[in-house]
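Enquirer:
Protein chains: 2
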Amino acid sequence: MYHAPISDMLFVMKELAGLDEVAALPGYEDATPETAQAVLEEASKLCGEVLAPLNVEGDRNPSRWENGSVFATPGFADAFRQFSEGGWQGVQHPPEYEGQGLPKLVATPCVEMLNAANLSFALCPLLTDGAIEALLTAGSEEQKQRYVPKLISGEWTGTMNLTEPQAGSDLAMVRTRAEPQGDGTYRLFGTKIFITWGEHDMAKNIVHLVLARTPSAPEGVKGISLFVVPKFVVNDDGSLGERNDVHCVSIEHKLGIKASPTAVLQFGDHGGAIGHLIGDENRGLEYMFIMMNAARFAVGMQGVAVSDRAYQKAVAYAKERVQSRPVDGSTKEAATIIHHPDVRRMLATMRALTEASRALAYVAAAQSDIAHRHPDEATRARHQARYEFFVPVVKGWSTELSIDVASLGVQVHGGMGFIEETGAAQFYRDARILPIYEGTTAIQANDLIGRKTLRDGGAVAKALIGEIGDTIDALDAHDGAAFASMRTHLARGRDAFASAVDYVLANAKRDPNAVFAGSVPYLKLAGIVLGGWQMARALLAAQRLKADDPKFYGAKIATAQFFAEHLLPQAVAFEAAIVSANGSEGVLALSEDQF
Amino acid sequence: MYHAPISDMLFVMKELAGLDEVAALPGYEDATPETAQAVLEEASKLCGEVLAPLNVEGDRNPSRWENGSVFATPGFADAFRQFSEGGWQGVQHPPEYEGQGLPKLVATPCVEMLNAANLSFALCPLLTDGAIEALLTAGSEEQKQRYVPKLISGEWTGTMNLTEPQAGSDLAMVRTRAEPQGDGTYRLFGTKIFITWGEHDMAKNIVHLVLARTPSAPEGVKGISLFVVPKFVVNDDGSLGERNDVHCVSIEHKLGIKASPTAVLQFGDHGGAIGHLIGDENRGLEYMFIMMNAARFAVGMQGVAVSDRAYQKAVAYAKERVQSRPVDGSTKEAATIIHHPDVRRMLATMRALTEASRALAYVAAAQSDIAHRHPDEATRARHQARYEFFVPVVKGWSTELSIDVASLGVQVHGGMGFIEETGAAQFYRDARILPIYEGTTAIQANDLIGRKTLRDGGAVAKALIGEIGDTIDALDAHDGAAFASMRTHLARGRDAFASAVDYVLANAKRDPNAVFAGSVPYLKLAGIVLGGWQMARALLAAQRLKADDPKFYGAKIATAQFFAEHLLPQAVAFEAAIVSANGSEGVLALSEDQF
Chain A
1 MYHAPISDML FVMKELAGLD EVAALPGYED ATPETAQAVL EEASKLCGEV LAPLNVEGDR
61 NPSRWENGSV FATPGFADAF RQFSEGGWQG VQHPPEYEGQ GLPKLVATPC VEMLNAANLS
121 FALCPLLTDG AIEALLTAGS EEQKQRYVPK LISGEWTGTM NLTEPQAGSD LAMVRTRAEP
181 QGDGTYRLFG TKIFITWGEH DMAKNIVHLV LARTPSAPEG VKGISLFVVP KFVVNDDGSL
241 GERNDVHCVS IEHKLGIKAS PTAVLQFGDH GGAIGHLIGD ENRGLEYMFI MMNAARFAVG
301 MQGVAVSDRA YQKAVAYAKE RVQSRPVDGS TKEAATIIHH PDVRRMLATM RALTEASRAL
361 AYVAAAQSDI AHRHPDEATR ARHQARYEFF VPVVKGWSTE LSIDVASLGV QVHGGMGFIE
421 ETGAAQFYRD ARILPIYEGT TAIQANDLIG RKTLRDGGAV AKALIGEIGD TIDALDAHDG
481 AAFASMRTHL ARGRDAFASA VDYVLANAKR DPNAVFAGSV PYLKLAGIVL GGWQMARALL
541 AAQRLKADDP KFYGAKIATA QFFAEHLLPQ AVAFEAAIVS ANGSEGVLAL SEDQF
Chain B
1 MYHAPISDML FVMKELAGLD EVAALPGYED ATPETAQAVL EEASKLCGEV LAPLNVEGDR
61 NPSRWENGSV FATPGFADAF RQFSEGGWQG VQHPPEYEGQ GLPKLVATPC VEMLNAANLS
121 FALCPLLTDG AIEALLTAGS EEQKQRYVPK LISGEWTGTM NLTEPQAGSD LAMVRTRAEP
181 QGDGTYRLFG TKIFITWGEH DMAKNIVHLV LARTPSAPEG VKGISLFVVP KFVVNDDGSL
241 GERNDVHCVS IEHKLGIKAS PTAVLQFGDH GGAIGHLIGD ENRGLEYMFI MMNAARFAVG
301 MQGVAVSDRA YQKAVAYAKE RVQSRPVDGS TKEAATIIHH PDVRRMLATM RALTEASRAL
361 AYVAAAQSDI AHRHPDEATR ARHQARYEFF VPVVKGWSTE LSIDVASLGV QVHGGMGFIE
421 ETGAAQFYRD ARILPIYEGT TAIQANDLIG RKTLRDGGAV AKALIGEIGD TIDALDAHDG
481 AAFASMRTHL ARGRDAFASA VDYVLANAKR DPNAVFAGSV PYLKLAGIVL GGWQMARALL
541 AAQRLKADDP KFYGAKIATA QFFAEHLLPQ AVAFEAAIVS ANGSEGVLAL SEDQF
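Order-wise, the sequence lines are chains A and B.
Each step along the first sequence adds one to the number in the UniProt record's numbering, with nothing skipped, and position 196 is 196.
Each step along the second sequence adds one to the number in the UniProt record's numbering, with nothing skipped, and position 90 is 90.
1. Using 8 Å for Cβ pairs, my map puts S225 of chain B next to A294 of chain B. What's the rounded Cβ distance?
2. Determine the contact status of M291 of chain B and G130 of chain B, defining contact as a CB-CB distance below 8 Å.
3. According to the Cβ coordinates, are Q426 of chain B and G417 of chain B closer than 8 Å?
4. In terms of residues, what are the limits of the beta strand (DSSP E) holding residue 642 of chain B?
5. Just the C-alpha distance for M350 of chain A and F563 of chain B, rounded to the nearest angstrom, thanks.
6. If you check the beta carbons only, do L567 of chain A and A352 of chain A fall under 8 Å apart?
7. On a CA-only basis, which of A:F497, A:A359, A:D237 is nearest S7 of chain A? Give me that one, please.
8. Using a Cβ-Cβ cut-off of 6 Å (strictly less than) and excluding sequence neighbours within five positions of I195 of chain B, which residues of its own chain qualify?
9. Which runs of the alpha helix (DSSP H) spanning at least 4 residues fall entirely within the region 530-592 of chain B, listed in chain order?
10. Mind checking the region 417-447 of chain A against chain B and listing, in chain order, the residues whose C-beta falls within less than 8 Å of any C-beta there?
11. Identify the contact partners of Q323 of chain A in chain B, using a Cβ-Cβ distance below 9 Å as the criterion.
12. Could you round the C-beta distance between G415 of chain A and Y437 of chain B to whole angstroms and report it? I think they count as a contact, below 8 Å.
13. Counting only beta-carbon atoms, is H566 of chain B nearer than 8 Å to chain A?
14. How long is the line joining the alpha carbons of G469 of chain B and P341 of chain A, rounded to whole angstroms?
15. Under 8 Å between C-beta atoms, does L255 of chain A make it to chain B?
16. Per DSSP, which residues does P180 of chain A bridge with? Please list them.
17. Between A506 of chain A and M535 of chain A, is the Cβ-Cβ spacing less than 8 Å?
18. Using C-beta distances below 8 Å, list every residue in its chain close to G271 of chain A, excluding the 5 sequence neighbours before and after it, in chain order.
19. Secondary structure at K192 of chain A, three-state DSSP: helix, strand or coil?
20. Among all the DSSP beta bridges, which residues are the ones paired with T336 of chain B?
21. In whole angstroms, give me the CA-to-CA distance for L19 of chain B and L54 of chain A.
22. Pick from A:F76, A:L10, A:C47: whose alpha carbon is nearest that of G58 of chain A?
23. If I measure Cβ to Cβ from R146 of chain A and keep anything under 7 Å in the same chain, skipping five residues before and after, which residues do I get?
24. Check whether the Cβ of A577 of chain B lies closer than 8 Å to any Cβ atom in chain A.
25. Please tell me whether N115 of chain A has its Cβ less than 8 Å away from any Cβ of chain B.
26. May I have the straight-line CA-CA distance separating E98 of chain B from E66 of chain B, to the nearest angstrom?
27. To the nearest angstrom, report how far apart G154 of chain A and T488 of chain A are at their CA atoms.
28. Report the partner residues of S519 of chain A according to the DSSP bridge assignment.
29. Residues of chain B with CB closer than 8 Å to the CB of residue 596 of chain A, please, in chain order.
30. Hey, how far is the Cα of Q444 of chain B from the Cα of L590 of chain A?
31. Could you pull the DSSP bridge partners for K254 of chain A from this structure?
32. Tell me the residue span of the beta strand (DSSP E) that contains I206 of chain B.
33. In the DSSP assignment, find the alpha helix (DSSP H) that holds P392 of chain B and state where it starts and stops.
34. Using C-beta distances below 8 Å, list every residue in its chain close to V343 of chain B, excluding the 5 sequence neighbours before and after it, in chain order.
35. Does any residue of chain A bring its CB to less than 8 Å from the CB of L588 of chain B?
36. Indicate whether L588 of chain A and W533 of chain A have their beta-carbon atoms separated by less than 8 Å.
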């Protein structure tokens with residue numbers, strides 16, 4: 001069972017992310033609160049009724065490889081047809097190519113629902129989104145016309161082909177070759193691994209976007225080009241031609257997301273796979289980064305999504321399972337376990353982390369919308385920089401915490417949580433990939449430090465710290481335990497973050513190992529403080545609106561208080577790991593053979 | 001591959017846990033460092049050569065149920081024979097019943113090795129240990145003679161039958177009936193679930209210890225008695241008689257520890273299972289607690305063990321996998337990933353947590369030895385109280401952190417970690433049961449607060465806090481970054497723990513919900529501070545011994561520094577969750593329907 005938390009989503013969209021401001025942008029006039037609500041309700045039906053029930057089935061009956069073909073879990077192809085017919089692939093893509101042209105802020109809750117309902121299924125549209133993004137960014141008009149409408153309609157799907165056996169995070173090592181044929185086409189040769197939905201039977205064609213090197217390419221990342229290599233060659237009239245020389249030689253046996261086939265693709269074993277260059281030669285990495293940024297944000301949403309799904313399941317069990325008398329002696333009878341303080345603490349932790357990571361991600365989505373559509377260039381640039389700062393935090397923090405949330409979900413179930421039939425364990429298994437793919441947490445953390453903090457001299461980070469201060473000032477105007485706790489702990493968190501930013505700026509050149517040994521703590525510190533900041537803003541909004549719906553907004557206030565008291569204090573521990581360690585000694589003191 | 005870390009184990013035994021002091025106790029004269037080392041080396045051979053290689057096989061080819069019989073993974077029965085023939089079941093049991101009579105401090109590293117090598121396999125001896133413990137504590141001499149030597153020899157194995165479908169953590173709800181037959185025997189009727197190694201083909205008989213109620217028993221936990229119910233009735237001459245009426249109707253399909261069959265046992269479907277009362281009627285829970293304390297400590301060791309195994313695997317991969325250039329630009333070539341600061345941080349975290357949890361457990365084991373054998377009654381009592389304080393911390397903290405360690409182990413492997421064939425994921429799956437069985441972390445935390453902190457007015461806790469202060473004073477005598485960091489963070493941790501103890505003592509009666517809402521943070525705070533204390537003691541010892549082996553002791557110093565800087569700061573965050581929350585408001589504010 002999955003119920004999309006539409007009220008929570010709309011609360012974040014309207015009160016924290018600025019849906020009104022987004023709807024005022026040119027081209028987004030239709031994104032009124034009413035439209036947004038209608039879109040969310042429609043999405044929730046598909047996700048709750050069609051996709052969520054297939055989630056367990058996909059785990060028990062994963063994608064299957066047979067003689068080079070991959071067969072999706074029974075039911076998936078039909079669900080994909082319904083997804084496509086509903087126009088869901090096109091929500092945030094441009095109307096010129098048959099998309100719906102809605103803002104990212106409205107598309108993001110749809111992405112969350114899709115992933116909460118069925119993480120394995122959702123990966124197929126996620127990768128297709130990435131392919132669309134890359135084609136729109138760097139493709140020729142002819143390429144856009146040829147591929148994008150079919151990707152949006154769901155007739156075809158897309159993939160991203162980066163990783164090779166010797167080149168995981170390090171794309172400089174890519175060895176796949178692309179040989180020009182003199183007719184504008186190329187022939188590709190090589191092996192790509194970890195290709196999500198790299199082969200399947202849900203669509204008529206699969207559009208592989210592939211990183212490869214041309215013969216004259218310089219070494220390293222500056223010699224990588226991006227190619228489009230369809231499973232079936234596309235004729236000029238758009239019809240499908242011959243089977244291309246790209247073949248799925250196996251799929252992986254994984255810990256989780258078992259329904260999504262993870263393919264090993266072999267290019268060119270039978271003469272060469274026909275490919276077309278996208279954009280300019282040797283600029284592949286740059287294009288890939290555009291689609292990776294979109295995909296990284298989407299993987300962050302997967303973290304939010306699996307957290308919410310695990311939370312919903314744990315709450316349902318805690319309300320139903322009767323065990324032991326309450327510790328306060330309030331009844332002589334055994335009670336449902338939601339009455340036990342530690343079960344409450346676990347559920348509150350799951351809820352608070354889910355809400356904070358959702359808020360941070362939606363706020364980031366709105367930055368992206370402003371960055372794309374605002375008429376003022378300086379405003380666009382400012383919001384683009386802020387969005388880019390948020391992306392690694394959304395990706396890294398939301399996915400790391402999703403493991404903790406899913407693990408707590410198992411714990412709430414007690415012994416039953418360890419039994420596969422219960423279903424809680426699937427989230428724990430599925431979530432484990434999220435901090436790895438589309439760039440591990442360390443990669444995100446390096447990005448946050450290198451490109452997002454150092455490059456602008458900490459300008460974005462400091463601007464955010466200033467705004468957190470404004471929120472702390474606003475909290476001062478209110479009484480009560482929730483406000484007092486939030487004020488105290490958000491101020492401490494802000495100070496911790498500020499001190500870490502200063503440390504990074506001061507030491508990155510002098511002692512890079514020291515700074516990068518604290519990079520993941522720095523990312524998690526940013527997450528907990530920026531997430532806590534959103535919870536503080538939610539607290540202020542809920543206080544203002546409380547009379548409208550005391551139950552709903554009362555829960556927002558209590559959740560913000562819990563976040564302040566139980567979770568924000570982590571900030572001080574992360575700061576210590578970065579700053580007071582003051583050097584890499586503790587981390588790097590051991591020689592290799594001392595491990 | 002598993003290499004028992006014998007040097008690390010001996011360091012903890014000798015320098016932290018006081019092996020000399022234990023070997024000076026009456027009856028433990030043989031437990032010299034030389035004997036201990038010989039025992040550990042022998043154990044490491046069996047574990048490394050026989051049991052460790054079967055670990056993956058058990059995961060891929062789990063125990064199998066067929067028509068009421070359970071067949072262990074191929075190879076397990078032979079390994080069990082070797083384990084039994086080596087005398088390993090009897091290491092810590094009395095020579096009167098064919099045991100080796102070694103101290104718990106020497107048995108504990110053997111238990112660690114066994115579990116590190118093969119968690120599923122090790123559960124069978126673990127449960128047999130519990131059954132032996134219960135029989136020795138409460139059985140008649142005739143029962144001891146009848147069962148214990150055969151359990152020690154491995155001819156038979158033992159189980160603990162507590163849980164029923166309606167009675168998980170809450171044993172007051174046990175419904176299994178035991179009807180006296182007038183001849184001294186009873187007939188048992190009922191269903192028990194989650195019975196580890198409750199049925200299998202590795203031994204000739206299985207000795208089930210079963211909680212049940214006699215007809216006249218009072219309600220609740222005061223009406224539970226303990227029975228011995230062998231799978232095959234044991235004749236007076238010790239030979240096996242008829243098949244008893246206890247049958248395995250199914251085994252569970254689990255997230256991990258798949259080789260260990262988790263049985264549903266049906267008692268009395270065909271006339272009643274013949275059982276014998278152990279000790280007095282209605283004192284079953286008391287006896288069960290004795291064997292549960294032993295089992296809880298052992299499960300804590302499982303946490304240490306799986307952490308170490310996951311660490312060893314991650315180190316091996318990090319030394320082998322080449323990926324990306326070092327961030328400090330020290331080489332132009334891609335390096336093995338152990339050169340990357342964040343991989344170092346992950347490995348150091350895994351290592352530091354493993355070493356701290358090992359040290360805490362071994363120190364606890366020595367307390368148990370002194371409590372059993374010291375000639376002075378007051379000394380025995382003091383160490384017994386301290387051991388009992390440590391048990392829930394060892395169980396709760398070591399198992400919770402084993403999930404984090406196993407999860408980091410997957411992360412170090414990157415995408416390969418998510419592929420089941422790599423093997424890192426098995427530890428992540430296996431570890432997940434540890435904070436659940438033998439009492440969830442919440443149950444341990446309630447025990448730590450209720451029986452171990454409140455009952456003696458905080459006497460043990462405060463004595464420990466005083467001793468931590470002595471260690472901090474000893475650190476003062478040394479210079480250098482490791483000592484400075486440890487002094488700062490251990491003092492902060494000690495203060496945080498002291499403040500939490502005061503809070504618990506002051507508020508448990510007035511506001512039990514508030515105190516118990518912070519019970520798990522309290523347990524984790526105790527774990528990180530007591531673990532950090534052991535790391536500080538290790539630092540002092542390593543400094544003293546450094547000249548003997550600079551590489552080995554240098555690593556101890558670096559690991560202690562890392563623990564101080566990166567992990568001890570968590571203490572302050574836990575304190576905030578307990579103390580500065582000051583009340584249950586944040587945790588318990590929501591009504592049930594607000595979730």
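Even for Gly, the Cβ is constructed at its ideal location relative to N, Cα and C.
Expert: Taking the definition as stated:
1. Residue 225 of chain B sits at position 225 when you count from the first residue of the second sequence. Residue 294 of chain B sits at position 294 when you count from the first residue of the second sequence. About 20 Å; that fails the 8 Å criterion.
2. Locating residue 291 of chain B in the second sequence gives position 291, counting from the first residue. Locating residue 130 of chain B in the second sequence gives position 130, counting from the first residue. Between M291 of chain B and G130 of chain B, the CB-CB gap stays under 8 Å.
3. Taking the first residue of the second sequence as position 1, residue 426 of chain B is located at position 426. Taking the first residue of the second sequence as position 1, residue 417 of chain B is located at position 417. Contact flag unset, no.
4. No answer is possible for residue 642 of chain B: the residues shown for chain B start at 1 and end at 595.
5. On the first sequence, position 350 is the one that residue 350 of chain A refers to. On the second sequence, position 563 is the one that residue 563 of chain B refers to. The straight-line gap from Cα to Cα measures roughly 27 Å.
6. Here residue 567 of chain A refers to the residue found at position 567 when the first sequence is read from its first residue. Here residue 352 of chain A refers to the residue found at position 352 when the first sequence is read from its first residue. A contact, by the Cβ cut-off of 8 Å.
7. Mapped onto the first sequence, residue 7 of chain A falls at position 7. Answer by Cα proximity: A:A359.
8. Within the second sequence, numbered from 1, the residue matching residue 195 of chain B stands at position 195. These residues qualify, in order along the chain: T159, N161, A263, L265.
9. Counting whole runs of 4 or more residues, the region 530-592 of chain B contains the alpha helix (DSSP H) stretches 550-562, 570-575, 585-588.
10. G417, F418, I419, E420, E421, A425, Y428, R429, R432, I433, P435, I436, Y437, T440, T441, A442, A445, N446
11. What you label residue 323 of chain A is simply residue 323 of the first sequence in a count that begins at 1. Q166, A167, G168, S169, D170, M173, listed in chain order.
12. Here residue 415 of chain A is taken as the residue at index 415 of the first sequence, counted from 1. Here residue 437 of chain B is taken as the residue at index 437 of the second sequence, counted from 1. Right, their Cβ atoms sit about 7 Å apart.
13. In the second sequence, counting from the first residue as 1, residue 566 of chain B sits at position 566. Answer yes: the Cβ-Cβ gap between H566 of chain B and chain A drops below 8 Å somewhere.
14. If you number the second sequence from 1, residue 469 of chain B lands on position 469. If you number the first sequence from 1, residue 341 of chain A lands on position 341. Those two C-alpha atoms are separated by around 32 Å.
15. Residue 255 of chain A sits at position 255 when you count from the first residue of the first sequence. Judged by the 8 Å Cβ criterion, L255 of chain A is in contact with chain B.
16. Reading the first sequence from its first residue, position 180 is the one you call residue 180 of chain A. According to DSSP, which records beta bridges pairwise, P180 of chain A is partnered with A:Y186.
17. Numbered from 1 along the first sequence, position 506 holds the residue referred to as residue 506 of chain A. Numbered from 1 along the first sequence, position 535 holds the residue referred to as residue 535 of chain A. Contact flag unset, no.
18. Against the first sequence, residue 271 of chain A aligns to sequence position 271. Cβ within range, chain order: R187, D245.
19. Within the first sequence, the letter at position 192 stands for residue 192 of chain A. Note: K192 of chain A maps to strand in three-state DSSP.
20. Working through the second sequence from its first residue, we reach residue 336 of chain B at position 336. BP columns for T336 of chain B point to B:V322.
21. Reading the second sequence from its first residue, position 19 is the one you call residue 19 of chain B. Reading the first sequence from its first residue, position 54 is the one you call residue 54 of chain A. Distance between the alpha carbons of L19 of chain B and L54 of chain A is about 57 Å.
22. Along the first sequence, one-based indexing puts residue 58 of chain A at 58. Ranking the options by Cα distance to G58 of chain A, first place goes to A:F76.
23. Residue mapping note: residue 146 of chain A aligns to position 146 of the first sequence, counting from 1. Closer than 7 Å at the Cβ level, and outside the excluded window around R146 of chain A, lie V234, G238.
24. By 1-based counting over the second sequence, the position of residue 577 of chain B is 577. So yes, A577 of chain B belongs to the interface.
25. Against the first sequence, residue 115 of chain A aligns to sequence position 115. It does not: the Cβ of N115 of chain A has no partner Cβ on chain B nearer than 8 Å.
26. For the purposes of this step, residue 98 of chain B is identified with residue 98 of the second sequence, where counting begins at 1. For the purposes of this step, residue 66 of chain B is identified with residue 66 of the second sequence, where counting begins at 1. Their backbone Cα atoms lie some 35 Å apart in a straight line.
27. Indexing the first sequence from 1 puts residue 154 of chain A at position 154. Indexing the first sequence from 1 puts residue 488 of chain A at position 488. C-alpha separation (whole angstroms): 50 Å.
28. As a first step, residue 519 of chain A is located in the first sequence; it is residue number 519 there, counting from the start. According to DSSP, S519 of chain A bridges with nothing at all.
29. The question about residue 596 of chain A has no answer, for chain A in this structure spans 1 to 595.
30. Against the second sequence, residue 444 of chain B aligns to sequence position 444. Against the first sequence, residue 590 of chain A aligns to sequence position 590. Separation of Q444 of chain B and L590 of chain A (C-alpha to C-alpha, rounded to the nearest whole angstrom) is 35 Å.
31. Within the first sequence, the letter at position 254 stands for residue 254 of chain A. Partner(s): B:I419.
32. Locating residue 206 of chain B in the second sequence gives position 206, where the first residue counts as 1. 205-212 is the extent of the beta strand (DSSP E) around I206 of chain B.
33. Here residue 392 of chain B refers to the residue found at position 392 when the second sequence is read from its first residue. Segment 377-412, the alpha helix (DSSP H) holding P392 of chain B.
34. As a working note, residue 343 of chain B is residue 343 in the second sequence. Cβ within range, chain order: A318, I337, V412.
35. The residue given as residue 588 of chain B occupies position 588 in the second sequence. It does: the Cβ of L588 of chain B has a partner Cβ on chain A nearer than 8 Å.
36. Within the first sequence, numbered from 1, the residue matching residue 588 of chain A stands at position 588. Within the first sequence, numbered from 1, the residue matching residue 533 of chain A stands at position 533. Cβ atoms of L588 of chain A and W533 of chain A: not closer than 8 Å.
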